[in-house]
Amino acid sequence: MATQVTLKAGLREGSGKGGARKLRAQGQVPAIVYGAQMDPMSLVLSAHEAGLLFHSISVENTIVNLEVEGDKTPLPTLVREIQTHPYRPQILHVDFLRIQSGVEVELEVPVHVVGIPKGVKDDGGVLDHPLHNLPIRCVPDRIPEEILVDVTALGISDAIHVSELTLPEGVTAMLDGSRIVCSVQPPSILAVVEPVVAETAEPGLVGGEAKEGAEGAEKEEGEGKKEGKKEGGKK
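Just add 66 to wherever you are in the sequence shown, counting from 1, and you've got this note's numbering.
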C-alpha cells in the first residue's frame, strides 16, 4: 500500500504571475488540483511545510491528502509536478491530481534491487541498473511503495526484464516487457600497453666512433695541408 500523508492548503484567489510572486514573497507556494472530471482548484501552500513534506516522501507514489481550508473531508491526490527555482532551493508551483477510489491511475514507482549478484561476488562483474522508476497503472489502494528485485542469482551477462518482475495483484507495468531492469556486465579488461623502449647502442660506441671519425678527418686534412706546402716550396 502507498504511503499517505496530509498537507494543509488554502484557497487561492486571483491568478497570474504577479499574484504568484507576491505569494512566494510571503512564504507561500501557489498550487492547483485537477482531474476526476472536476473543475480545477487553485490553492496556496505553506512553502516551509510543503518543502519539509516533499523532501521526506517518495513524491511519485505517495497519496497526499489535502486538508483544504473550509472543507471537512481531505482531498486525496497525487503530486504530478513540482516546479522549482533553477538555482535556489525554492518551490515555485505544485500540480496535484485528484484520485478516486476504484478508478485506475498511472504513476511511477521506485525500483530497488536486493542482494549481491553472484556474477559480481564471484566473478568480478558489474551490476547495471538502468531502470530506477517503473511506470504502472492501478487503483489508488493498490499503489505499491516500491518494487523490489532480487538479483542474487544473476551471473555474468544475465538480466532481469520488466516481464519478469513480480508485481502486486492489480498492478500493471506500463513499459514493454523486453526492457531491461538490471543486468550483470562482464568485468572490464584493460589492455596492458607494453612501453616502447628505444634501442640504445653500447656505451661509448656511437660516441667513440664519431670521435674517431672526427679525429681521422682532422688528421687527413692536416696531412693534406702539409703536402700542399711542400709542393709550393718546390716551385
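Even for Gly, the Cβ is constructed at its ideal location relative to N, Cα and C. From a predicted model like this one, the values you see are computed outputs, not experimental measurements.
Provide the residue span of the alpha helix (DSSP H) that contains residue i, from first to last.
i, result
"A113", "A113 to F120"
"L89", "K83 to A91"
Can you tell me the Cα-Cα spacing of residue i and residue j, whole angstroms?
i, j, result
"P155", "I222", "42 Å"
"E115", "Q70", "16 Å"
"K184", "D224", "10 Å"
"E147", "G117", "14 Å"
"H121", "D194", "27 Å"
"L132", "G168", "19 Å"
"T238", "V247", "15 Å"
"E275", "G190", "Here E275 scores only 49 on pLDDT, less than 50, and its place in the model is too uncertain to base an answer on."
"P252", "D188", "12 Å"
"Q94", "A113", "5 Å"
"G76", "D137", "10 Å"
"I157", "K74", "16 Å"
"E126", "L200", "11 Å"
"I123", "E79", "29 Å"
"L214", "G85", "44 Å"
"D216", "E230", "11 Å"
"D305", "P210", "The structure shown has nothing for residue 305, since the chain only spans 67 to 301."
"V192", "S254", "9 Å"
"C204", "E172", "7 Å"
"H159", "V186", "43 Å"
"M240", "Q92", "41 Å"
"L119", "L89", "19 Å"
"V99", "L220", "44 Å"
"R208", "A68", "7 Å"
Tell me residue i's beta-bridge partners as DSSP assigns them.
i, result
"S167", "Per DSSP, none; premise fails for S167."
"E211", "DSSP, once it has assigned bridges, lists no residue as partnering E211."
"S229", "Bridge partners of S229: none, in fact."
"N131", "T72 and P142"
"D189", "In DSSP, D189 forms no bridge with anything."
"A239", "I202"
"M104", "G101"
"T218", "Answer by DSSP bridge pairing: none, since T218 is not bridged."
"V179", "V215"
"V160", "A97 and I148"
"V110", "G76 and P96"
"D194", "S249"
"E126", "Paired residue(s): none; E126 is not in a bridge."
I need the boundaries of the beta strand (DSSP E) containing residue i, first residue and last residue.
i, result
"L200", "N199 to C204"
"I98", "Q94 to G101"
"I246", "I246 to Q251"
Can you tell me whether residue i is buried or exposed, with buried defined as 16 or more other CB within 10 angstroms of its CB?
i, result
"S244", "exposed"
"T232", "exposed"
"I226", "buried"
"L144", "buried"
"I182", "exposed"
"T302", "Nothing can be reported for residue 302: it is not among the residues displayed for the chain, which extend from 67 to 301."
"S249", "buried"
"T72", "exposed"
"P234", "exposed"
"P106", "exposed"
"R87", "exposed"
"T128", "buried"
"P152", "exposed"
"P206", "buried"
Would you grab the beta carbon distance between residue i and residue j for me? Rounded to a whole angstrom, and I think it's under 8 Å.
i, j, result
"V134", "L163", "Wrong, their Cβ atoms sit about 15 Å apart, outside the cutoff."
"V179", "E212", "Wrong, their Cβ atoms sit about 11 Å apart, outside the cutoff."
"A102", "L111", "About 20 Å separates the two Cβ atoms, so there is no contact after all."
"P140", "I165", "The Cβ separation is near 12 Å, so there is no contact."
"H198", "V228", "Not really, about 13 Å apart at Cβ, beyond 8 Å."
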